[in-house]
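Sequential numbering from 79 applies to the sequence shown in the working numbering.
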Amino acid sequence: MDLLGRLGEGGQGVVYLAEDSAGARVAIKWLRADQSGDHVSVERFLREVQVAQQVAPFCTAAVLGTGVEQDRPYIISEFIEGPSLQRVVQEEGPRTGTTLHRLAIGTATALAAIHQAGIVHRDFKPANVIIGADGPRVIDFGIARALNATSTISSMVVGTPSYMPPEQIMGHAVGPAADMFAWASAMVFAASGRAPFGSDTMPAVINRVLNQQPDLGALDGTLRDVVAACLNKDPAQRPTAEQVIMRLLQHPAPNTGILAQAAAEAAPQAAPPPPFGPPSGPPSGPVQYSGQVPLPGPVPLAHSAPVPPPPHPHQQWQQPPYGQPTYPSMYGRPPQKKSRTPLIAGITVAVALLLLAGVVVIVQFDRSSVVAQRTPSPTQTRTSTRPSPSSTPAAVPRTGTKRTLPGGNISLYEHPSDAIVLTSYEVYDKAKEDWIDYARGSLHGTFTKYAGNWESMVSPDGRYLAGRGKSYSSDNYDFITITDRRSDDRTTVKTVKKPLISSIRAWSKDGSKILLNIEKKTGDNWSYLGFVIIDVPTKKAITVDVSDSSVRDTAFGFDAQEEGAINVYGDEKNVGLRFYDAEGKATRSTDKIGTLSAGTRAIFSPSGKAFVTNCPNGGDGDHCIWDSASGERLRKFSSDCDKVLGFYDESHLYCWEQDNGVNDEIQVADFNGKLVRKLVEVPENLDFSPAFTVNPQRGS
């Protein structure tokens with residue numbers, strides 16, 4: 079393959095024009111040398127290959143091959159002869175009339191195909207639209223994400239501020255609506271030569287995106303109305319790409335011929351603008367085509383989640399890894415559930431788009447739902463045939479007695495034979511801007527408010543209450559107070575000295591130990607330096623410093639035997655679980671387990687023989703059960719859970735599930751993914767953080 083010259087350079091790589099042995103021209107994108115040592119940049123670069131291969135070739139540049147040269151990966155793709163929309167507008171001026179209309183329909187059609195392929199581009203802008211002879215092509219999928227993914231490659235917000243929607247600027251999870259905001263911004267640029275929120279200093283642009291209305295310039299008519307709708311600051315109010323196409327074609331309803339008509343409308347009516355100018359020269363070193371290289375698996379995307387309320391001044395929320403939403407100190411709220419299925423009304427358009435994108439359409443009627451998905455490969459089957467850790471699943475009570483809890487319209491459904499019991503919870507008081515603690519007087523007694531505590535947690539047998547106050551001791555120590563409900567004796571146990579804190583993490587199942595986390599605040603961030611184990615009978619605290627810097631971002635949890643601790647390490651490609659003994663020494667690690675929905679709390683089954691995670695490359699509803707000793711996967715299945723909280727018993731999980739957009743529920747799910755029992759129901763607008771313990775009186 080002969081290099082003909084350099085086409086340009088972007089934030090990720092340098093792009094060269096080359097010619098293969100058959101004389102066909104191709105583009106070679108080579109990762110920048112200054113990014114080759116950064117695994118995040120390499121992953122993002124290679125992910126472009128994987129994402130682009132999922133998208134219909136009519137709307138992007140087809141990937142032809144990949145390779146590595148000088149420890150830097152490169153991508154060989156189809157060469158689309160033509161300038162970018164950015165360059166066209168800068169050199170020839172704004173687009174008008176039918177040229178602008180065809181551009182709008184063509185780019186919206188490309189985004190419709192991209193979204194129906196299960197991808198969010200996340201960096202749609204004029205520089206990433208190539209005006210080819212056969213219509214516009216959307217390129218540069220380097221920071222794109224799969225719609226069904228659940229974690230992020232880093233916590234850094236990536237994109238171009240002038241074309242980013244408010245939710246992306248704020249670091250929230252984004253969906254197809256983010257691309258429509260960017261599309262509308264690009265159309266304003268195409269029509270006026272300037273972005274709707276300006277392109278001067280970053281703070282000024284961000285302020286306008288978040289707080290001001292866009293300048294739509296010379297846009298008029300239907301296109302102006304559609305663009306204005308897409309620039310709504312609420313993503314839920316923006317039209318989809320399909321709806322944009324229909325409005326631009328002036329169709330009030332879905333139409334089976336929509337793509338053909340959109341393509342006809344978007345087809346260029348004149349010769350394309352001239353291609354790039356002469357190449358500037360080859361790279362400093364040779365680039366040889368070396369065939370395919372292994373590519374990373376799909377990179378997850380965090381589900382959309384509500385913005386959590388402010389944390390306690392003296393208590394930091396648990397900080398899950400890899401961009402997962404943060405939640406209060408206990409289990410926290412579920413992420414807001416995105417619709418898993420398209421609307422029935424749009425199925426005709428959706429099927430047409432999927433067929434063009436090369437996707438097999440499966441329509442399954444489950445009550446009122448319609449599911450469109452890719453046909454799984456043999457290695458992607460959602461339900462494993464492996465046995466569950468327990469071959470004789472325990473019976474779960476079908477219903478429970480309803481009781482209303484203090485602090486809000488909270489409904490608890492209990493049965494004496496439940497495997498777990500709600501023993502404490504926190505409710506966020508918006509008026510006071512503070513979390514309020516409630517703890518139970520006994521396993522099945524009433525709940526009492528503990529307004530003076532940052533944390534309150536009841537032992538599994540209901541005998542002890544561990545509380546952490548809102549101040550240090552007189553000699554500047556953090557401490558917890560253990561109250562024996564039988565004798566009313568209170569014991570104060572000092573833990574760590576100011577400015578460190580020791581947040582209560584969990585009781586052991588036998589009630590003999592309490593695990594706390596040692597936390598330190600630096601700037602606006604908290605790090606986890608180790609843990610404290612309190613021996614309840616002796617009221618002695620053992621402080622354990624962990625020198626492993628790879629586990630600073632997540633809270634420690636009890637290990638399977640509740641003798642040491644665990645924590646999470648790695649990155650989105652290889653999330654692992656590391657085990658520590660009671661002295662803080664790492665004893666073993668289990669790699670590639672997927673993310674932990676509720677962090678390191680309650681991930682083990684009651685016996686300790688198994689633990690649960692979100693499956694690698696899966697979402698919050700994709701569950702993997704692993705053998706605690708060997709790390710071998712025992713089972714894989716899917717459910718409607720939005721956030722797994724832990725094991726209910728050896729053969730069931732319990733999880734958050736959004737019910738109807740009004741209430742959220744904590745449900746029990748079996749290992750076939752079926753929701754079998756409601757435990758708690760709370761209003762969707764109430765921030766509620768529960769803590770459950772194993773029921774020692776089950777069956778009595």
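Beta carbons are placed, not taken as given, at the ideal position from N, Cα and C, and that holds for glycine.
Euclidean distance between Cα positions of residue i and residue j
i, j, result
"residue 518", "residue 307", "49 Å"
"residue 280", "residue 662", "44 Å"
"residue 751", "residue 743", "16 Å"
"residue 142", "residue 665", "45 Å"
"residue 546", "residue 755", "33 Å"
"residue 84", "residue 292", "36 Å"
"residue 512", "residue 506", "6 Å"
"residue 483", "residue 770", "15 Å"
"residue 679", "residue 328", "53 Å"
"residue 318", "residue 712", "40 Å"
"residue 647", "residue 167", "47 Å"
"residue 92", "residue 610", "50 Å"
"residue 782", "residue 638", "Lying before the first or after the last residue shown, residue 782 is absent from the chain, which here runs from 79 to 778."
"residue 304", "residue 255", "13 Å"
"residue 283", "residue 619", "52 Å"
"residue 704", "residue 710", "6 Å"
"residue 514", "residue 94", "60 Å"
"residue 677", "residue 604", "15 Å"
"residue 685", "residue 747", "18 Å"
"residue 351", "residue 204", "Unreliable placement is indicated for residue 351, whose pLDDT of 32 sits below 50; no coordinate value is reported for it."
Cβ-based burial, residue i [other Cβ within 10 Å; buried from 16]
i, result
"residue 233", "Here the model assigns residue 233 a pLDDT of 36, short of 50, so the residue's position is not dependable, and the following value carries that caveat. Answer is exposed; the Cβ neighbour count stays below 16."
"residue 570", "exposed"
"residue 180", "buried"
"residue 652", "exposed"
"residue 286", "buried"
"residue 290", "exposed"
"residue 615", "exposed"
"residue 564", "exposed"
"residue 59", "In the structure displayed, the chain extends from 79 to 778; residue 59 sits before or after that span and is not available."
"residue 185", "buried"
"residue 623", "exposed"
"residue 182", "buried"
"residue 191", "buried"
"residue 642", "buried"
Reduced DSSP secondary structure (H/G/I, E/B, other) of residue i
i, result
"residue 193", "helix"
"residue 180", "helix"
"residue 487", "coil"
"residue 167", "helix"
"residue 299", "helix"
"residue 175", "helix"
"residue 550", "coil"
"residue 592", "strand"
"residue 315", "helix"
"residue 492", "strand"
"residue 308", "helix"
"residue 580", "strand"
"residue 629", "helix"
"residue 541", "coil"
"residue 139", "coil"
"residue 736", "strand"
"residue 97", "strand"
"residue 643", "strand"
Proximity test, Cβ basis, 9 Å: residue i and chain D
i, result
"residue 611", "This model lacks chain D altogether, as it is built from one protein chain only."
Residues bridged to residue i (per DSSP)
i, result
"residue 153", "107, 144"
"residue 668", "655"
"residue 244", "Answer by DSSP bridge pairing: none, since residue 244 is not bridged."
"residue 502", "517, 769"
"residue 216", "207"
Anticipated Cβ contact below 8 Å, residue i with residue j, distance rounded
i, j, result
"residue 297", "residue 326", "In fact, because the Cβ distance is near 12 Å, the residues do not count as touching under 8 Å."
"residue 502", "residue 534", "5 Å"
"residue 216", "residue 157", "The Cβ separation is near 15 Å, so there is no contact."
"residue 640", "residue 591", "6 Å"
"residue 208", "residue 152", "Residue 208 to residue 152, Cβ: 19 Å. No contact."
"residue 492", "residue 767", "About 19 Å; that fails the 8 Å criterion."
"residue 719", "residue 699", "6 Å"
"residue 170", "residue 210", "Wrong, their Cβ atoms sit about 16 Å apart, outside the cutoff."
"residue 636", "residue 593", "5 Å"
"residue 758", "residue 489", "7 Å"
"residue 633", "residue 606", "6 Å"
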